Amino acid sequence: MKTTTNSKAARYTTQKGRAAHSARPGRESLSKRLGVRVVRAIRARDGERCVYCGANAAQSGAHLHLDHITAKALGGSDCPTNLVLACRHCNGAKTSMTTRQWVAYAAATRGLTIDMRAIRAHARRIPAALRLAA
Ligand SMILES: [Zn+2]
Numbered sequence: 002m003k004t005t006t007n008s009k010a011a012r013y014t015t016q017k018g019r020a021a022h023s024a025r026p027g028r029e030s031l032s033k034r035l036g037v038r039v040v041r042a043i044r045a046r047d048g049e050r051c052v053y054c055g056a057n058a059a060q061s062g063a064h065l066h067l068d069h070i071t072a073k074a075l076g077g078s079d080c081p082t083n084l085v086l087a088c089r090h091c092n093g094a095k096t097s098m099t100t101r102q103w104v105a106y107a108a109a110t111r112g113l114t115i116d117m118r119a120i121r122a123h124a125r126r127i128p129a130a131l132r133l134a135a
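The sequence shown runs 2 to 135 under our numbering.
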């Protein structure tokens, strides 16, 4: 299996270490915290494709990641309106860049044209009942 240095799984050398880390309060996986209904709604909204480059799960390697449009490190929330599907490549490259930095980086390194306004508008197309209370 191919791993990348910024893959979460790669940070833990043993499954036991990873499990212990995940068991700490507030450290359970994002999809677990959101719940299956919310994750399904995000996947359906995004058509099972990376919103940035259009890759599907097979092209991404295994599965698509949940990406914070505004990075957590920059104060982005876990509300589904701030979460989109992203492939391993895009999610791994974007890390905690600002959206402006990411758009410039993706254009320069991969020739991607990313319309952040359109992606934010798209991300808001989630049923109100599945959003986090603001
Ligand atoms: Zn992508």
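Glycine included, C-beta positions come from ideal geometry on N, C-alpha and C.
A quick note: this is a predicted structure, and the numbers were derived from the prediction, not measured.
Candidates the options, of which the one nearest residue i by Cα
i	options	result
residue 50	67, 39, 35 and 36	67
residue 65	73, 43, 78 and 79	43
residue 40	58, 84 and 63	84
residue 97	59, 80, 76 and 117	76
residue 34	59, 62 and 80	80
residue 73	46, 95 and 111	95
residue 60	109, 111, 89 and 99	89
residue 111	46, 99 and 55	55
Spatial neighbours of residue i in its chain, beta-carbon cut-off 7 Å, leaving aside the 5 residues before and after
i	result
residue 38	131
residue 82	124, 125, 127 and 132
residue 53	87, 91, 107, 113 and 115
residue 101	none
residue 78	133
residue 31	67 and 79
residue 99	75
Three-state class that DSSP yields for residue i in the structure shown
i	result
residue 5	Note that residue 5 has pLDDT 47, beneath the 50 cutoff, so the model's placement of it is unreliable and no number is given.
residue 129	helix
residue 1	The requested residue 1 is not part of the displayed model; the chain covers only 2 to 135.
residue 10	Unreliable placement is indicated for residue 10, whose pLDDT of 49 sits below 50; the coordinate value is still reported in the next sentence. Three-state DSSP puts residue 10 in a helix.
residue 75	helix
residue 123	helix
residue 66	strand
residue 31	helix
residue 112	coil
residue 38	helix
residue 98	coil
residue 80	coil
residue 134	coil
Cβ shell of residue i (< 8 Å), same chain only, five flanking positions each side left out
i	result
residue 120	52, 53, 70 and 85
residue 104	115 and 117
residue 129	none
One or two residues paired with residue i in a DSSP bridge
i	result
residue 57	50
Other residues of its chain near residue i: CB distance less than 6 Å, five sequence neighbours each side excluded
i	result
residue 58	64 and 65
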